[in-house]
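K.L.:
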Amino acid sequence: MRLIIVIAGAFGFITVILGSMAWNRPFDVSLVNGIISAFVAAILLRWWMRIWILSLDQVSRQDEMSIRLDEIEAQISTETPEPNSSESSGRL
Numbered sequence: 000m001r002l003i004i005v006i007a008g009a010f011g012f013i014t015v016i017l018g019s020m021a022w023n024r025p026f027d028v029s030l031v032n033g034i035i036s037a038f039v040a041a042i043l044l045r046w047w048m049r050i051w052i053l054s055l056d057q058v059s060r061q062d063e064m065s066i067r068l069d070e071i072e073a074q075i076s077t078e079t080p081e082p083n084s085s086e087s088s089g090r091l
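Structure (structure tokens):
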């Protein structure tokens, strides 16, 4: 996950530096804006990755619970109930 955050920061930095160079801004302003954008991009990607990983984990747990529930239902449906003594004798 750290590598992804570093890549996001580098992408934000390079994007802003190239954009600033295209607009002929001073290098010192471009550098500061690039650093700020790298920080923001890294934080946003970190937040998004946490949400994504938690969602994947939740879906995985739901799948496991669904499979387990299906197994339990299959066991219950295959079990035959024992007849009561009143039903077998015909009395109520």
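Residue numbers (numbering that gives the first Met the number 0): 0 to 91. Beta carbons are placed, not taken as given, at the ideal position from N, Cα and C, and that holds for glycine.
#1: Grab the span of the alpha helix (DSSP H) containing M0 for me, first residue to last.
#2: Who are the Cβ neighbours of V15 in its own chain at under 6 angstroms, not counting the five residues just before and after it?
#3: Under the rule that 16 or more other beta-carbon atoms within 10 Å means buried, what is A9, buried or exposed?
#4: Going by beta carbon distance, what residues of the same chain come within less than 7 angstroms of M48, once the five residues before and after it are set aside?
#5: So the candidates are L30, S59, R24, I71; which of them puts its Cα closest to the Cα of F12?
#6: Our contact map puts A73 next to A41 with C-beta atoms below 8 angstroms; I'd like the distance itself, whole angstroms only.
P.N.:
Well, looking at it:
#1: Counting from one through the sequence shown, the residue named residue 0 turns up at place 1. Where M0 is concerned, there is no enclosing alpha helix (DSSP H), given that its DSSP letter is neither H nor E.
#2: Locating residue 15 in the sequence shown gives position 16, counting from the first residue. These residues qualify, in order along the chain: N32, G33, S36.
#3: Here residue 9 refers to the residue found at position 10 of the sequence shown. Exposed: under 16 other Cβ atoms inside 10 Å.
#4: As a first step, residue 48 is located in the sequence shown; it is residue number 49 there, counting from the start. Contacts found: M0, I3.
#5: The residue labelled residue 12 in the question sits at position 13 within the sequence shown. The residue with the shortest Cα to Cα distance from F12 is L30.
#6: Sequence index remark: in the sequence shown, residue 73 carries index 74 (1-based). Sequence index remark: in the sequence shown, residue 41 carries index 42 (1-based). In fact, because the Cβ distance is near 48 angstroms, the residues do not count as touching under 8 angstroms.
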